Amino acid sequence: MNLDVIRNEIRWKKIRYERTLPRSLGNASCCVEFEIQEDENFLERFDFAQATVDSKLGLHVLEMEDKRTRLQLDIAELKEEKKQLDAEIKRGAESLKKIIDYCREANLNPDTILNLEFPI
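Numbered per our numbering, the sequence shown finishes at 1252, counting up by one with no gaps.
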């Protein structure tokens, strides 16, 4: 028997299944369309298809939340690194100010001290 003939003899129901992602992920919508054979096992097949979609969507949500958590950690690390760099810049500026003040006290031109070495 031809497969097209068999397919035409079997009744199929087209299902549109839609889910919304959690608010933390922007309330994005996920829509899946599939066909299920309409027979005595229709509800079992529908439940299985629904559970499969929910499971895959759940895994996707977990992956997205994991990425967001990693990005938040990266941001926190970058903020800490920025604080450290800002502190180094401040220390460097204070040291430079001390050198300039020392030069002024010694009647040296601060622009000419590039060749001199000073303990910081």
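All C-beta atoms in this analysis are idealised placements derived from N, C-alpha and C, irrespective of residue type, glycine included. Remember, predicted model here, so these are calculated numbers, not experimental data.
Name the residue from Lys-1146, Glu-1195 and Thr-1152 whose alpha carbon lies nearest to the alpha carbon of Glu-1168.
-> Taking the sequence shown and counting its residues from 1, one reaches residue 1168 at position 36. It should be pointed out that residue 1168 corresponds to Ile in this sequence rather than to Glu. Nearest C-alpha to Ile-1168: Lys-1146.
Out of Ile-1142, Ala-1160, Cys-1163 and Val-1193, state which residue places its alpha-carbon closest to the alpha-carbon of Glu-1172.
-> Taking the sequence shown and counting its residues from 1, one reaches residue 1172 at position 40. The option with the nearest alpha carbon to Glu-1172 is Ile-1142.
Would you mind reading off the limits of the alpha helix (DSSP H) that contains Glu-1195?
-> The residue given as residue 1195 occupies position 63 in the sequence shown. Its alpha helix (DSSP H) spans residues 1174-1237.
For Glu-1150, the first and last residue of its enclosing beta strand (DSSP E) = Here residue 1150 corresponds to residue number 18 of the sequence shown, with the count starting at 1. From DSSP, the beta strand (DSSP E) with Glu-1150 extends over 1144-1152.
Have a look at Leu-1153 and Leu-1203 and give me their C-alpha separation to the nearest angstrom.
-> Along the sequence shown, one-based indexing puts residue 1153 at 21. Along the sequence shown, one-based indexing puts residue 1203 at 71. Whole-angstrom Cα-Cα distance: 19 Å.
Inter-residue spacing [alpha-carbon to alpha-carbon] between Lys-1215 and Thr-1201 | Against the sequence shown, residue 1215 aligns to sequence position 83. Against the sequence shown, residue 1201 aligns to sequence position 69. Approximately 21 Å between the Cα atoms of the pair.
Quick one: what's Glu-1170 bridged to in DSSP?
-> As a position in the sequence shown, residue 1170 is number 38, starting the count at 1. In the DSSP secondary-structure assignment, Glu-1170 is not bridged to any residue.
Whole angstroms is fine: what's the gap from Arg-1148's alpha carbon to Phe-1178's?
-> Here residue 1148 refers to the residue found at position 16 of the sequence shown. Here residue 1178 refers to the residue found at position 46 of the sequence shown. About 11 Å.
Measure the C-alpha to C-alpha separation of Ile-1232 and Glu-1220 and round it to an integer number of angstroms.
-> For this step, residue 1232 is matched to residue 100 along the sequence shown. For this step, residue 1220 is matched to residue 88 along the sequence shown. When rounded, the distance between both Cα atoms is 18 Å.
Alpha carbon to alpha carbon, how far is Asp-1198 from Ala-1183? Give it in angstroms, no decimals.
-> Here residue 1183 refers to the residue found at position 51 when the sequence shown is read from its first residue. Here residue 1198 refers to the residue found at position 66 when the sequence shown is read from its first residue. One C-alpha to the other measures close to 22 Å.
DSSP puts Ser-1161 in a beta bridge; with which residues?
-> If you number the sequence shown from 1, residue 1161 lands on position 29. The partner list for Ser-1161 (beta bridge, DSSP) reads Thr-1152.
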